[in-house]
Ligand SMILES: NC(=O)c1ccc[n+]([C@@H]2O[C@H](COP(=O)([O-])OP(=O)(O)OC[C@H]3O[C@@H](n4cnc5c(N)ncnc54)[C@H](OP(=O)(O)O)[C@@H]3O)[C@@H](O)[C@H]2O)c1
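Residue numbers (this note's numbering): 298 to 555.
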C-alpha cells in the first residue's frame, strides 16, 4: 500500500493525508488547494497575504489551514515540512514578472523569479530530500511553458522556470539513488489570462502583437483555468504508477515531456 490510499479506497482519494500548497490564496494554487481538499486531503495553504487564504478557509472549512509566510524563505520550508509532514507538496507560489523588453529590465526585475520561484523550489525540494518525506509522497513544482518556449517580455522568468524543471529532475535522481520513494514532478502550464499573473503577461503580449486581449486569447485556443490545473495536479498526486518527470499542461490536460 502506498501512502496515498488505504485498501479499497478510490484512486483519487487523499483521505487522511496532508497536502501543503504554496500560492494557495489565488490563481492556480487556489484551484489546486480546492481539488486536493475535495479529494479528502487536509490542505495547508501558504501565501504572504492573509485575505485570500481566509476566504479559502471560509470556503473549505476545517479541511484547510491557512499559513501566512514567505515561501521563498528557507525557514518557512523547514518549519512547515516539520509541522505538517506532507504526502503531497505543491510548489505553486510565483512572483509576477515585470513585463517589459530586456532593455527596460533592471537586474533587480530580471532576477525576481530567481529570488522567489527558484529559491522556493531549491529550499523546499532540498528539505524534502533531507528530512526525508515519507515513501509514497509526491512533490509537484510549477515550472512554465515559457521554460520550453522562452518569454522575451518577462526578463529572467523563462530561465528561472527552466531551472525549476532541472532542480525537480535532479531531486528525482537523488530520490531514486537513495531509494526514498518520493516522486518529483514538474508541471509546465500554458499561458492563460485566467489568473492575475497570467493576465498581465497576456496583456503585454497582446499589445506587442497589436491585438486586443480578446483577439489574442481567442487565437491561442481554449483557456486553461485554475479548475483544470487543480484536476491535473490531483491526477498527478494520486496516479497509481506515476513516474518522475515533467508535463506540459493545457486546457486539454497533461502531456508528458520527453
Ligand atoms: N498564469 C499563467 O499563465 C502561468 C503560466 C505558467 C506558469 N505559471 C506559474 O504558475 C504558478 C501560479 O501562478 P498564478 O498565475 O496562479 O499566479 P497568481 O494568480 O499571481 O498567484 C500567485 C500566488 O503565489 C503567492 N505568492 C507569491 N509570492 C509568494 C511568496 N514569496 N511566498 C508565498 N506565496 C507567494 C500569491 O500570494 P501572495 O501575493 O499573497 O503571497 C498567490 O497566492 C506560478 O509559479 C507561475 O509562474 C503561471
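Where a beta carbon is used, it is the ideal one built from N, C-alpha and C, also for glycine.
Because the structure is a prediction, the values reported are computed rather than measured.
Tell me whether residue i is buried or exposed, calling it buried when 16 or more other Cβ atoms sit within 10 Å of its Cβ.
i, result
"residue 305", "Residue placement at residue 305 cannot be trusted, given a pLDDT of 38 that sits under 50; what the coordinates show is reported in the next sentence. Answer is exposed; the Cβ neighbour count stays below 16."
"residue 519", "exposed"
"residue 395", "buried"
"residue 355", "exposed"
"residue 443", "buried"
"residue 553", "exposed"
"residue 547", "buried"
"residue 643", "Residue 643 falls outside the range modelled here, since the chain spans only 298 to 555, and no answer is possible."
"residue 353", "buried"
"residue 516", "exposed"
"residue 446", "exposed"
"residue 523", "buried"
"residue 378", "buried"
"residue 326", "buried"
"residue 464", "buried"
"residue 317", "buried"
"residue 338", "buried"
"residue 535", "buried"
If you run the structure through DSSP and keep just helix, strand and coil, what is residue i?
i, result
"residue 558", "What is shown of the chain runs 298 to 555, which leaves residue 558 out entirely."
"residue 523", "helix"
"residue 540", "coil"
"residue 366", "coil"
"residue 545", "strand"
"residue 400", "helix"
"residue 555", "coil"
"residue 440", "coil"
"residue 485", "strand"
"residue 518", "coil"
"residue 448", "coil"
"residue 312", "coil"
"residue 298", "Bear in mind that a pLDDT of 34 at residue 298, under 50, signals an unreliable position, so the number given afterwards is only what the model happens to contain. In the structure shown, residue 298 sits in coil (DSSP, three-state: anything other than H, G, I, E or B)."
"residue 303", "Unreliable positioning characterises residue 303 in this predicted model, as indicated by a pLDDT of 40, which lies under 50. The coordinate reading is nonetheless provided below. Here residue 303 sits in coil by DSSP."
"residue 326", "helix"
"residue 317", "strand"
"residue 373", "helix"
"residue 492", "coil"
Report, in whole angstroms, the separation of the C-beta atoms of residue i and residue j, which I expect to be a contact under 8 Å.
i, j, result
"residue 514", "residue 499", "6 Å"
"residue 521", "residue 491", "7 Å"
"residue 509", "residue 503", "6 Å"
"residue 360", "residue 321", "About 12 Å separates the two Cβ atoms, so there is no contact after all."
"residue 433", "residue 369", "Incorrect: roughly 27 Å between the Cβ atoms, too far for contact."
Do residue i and residue j have their C-beta atoms closer together than 9 Å?
i, j, result
"residue 483", "residue 440", "yes"
"residue 319", "residue 389", "yes"
"residue 460", "residue 418", "yes"
"residue 328", "residue 527", "yes"
"residue 331", "residue 309", "no"
"residue 457", "residue 414", "yes"
"residue 543", "residue 485", "yes"
"residue 438", "residue 474", "no"
"residue 324", "residue 494", "yes"
"residue 436", "residue 392", "no"
"residue 409", "residue 453", "yes"
"residue 451", "residue 420", "no"
"residue 344", "residue 373", "no"
"residue 557", "residue 449", "With the chain represented from 298 up to 555, any question about residue 557 goes unanswered, as that position is not in the structure."
"residue 340", "residue 312", "no"
"residue 525", "residue 466", "no"
Would you call the region 421–441 and the region 382–397 touching, i.e. three or more CB-CB distances under 8 Å? yes
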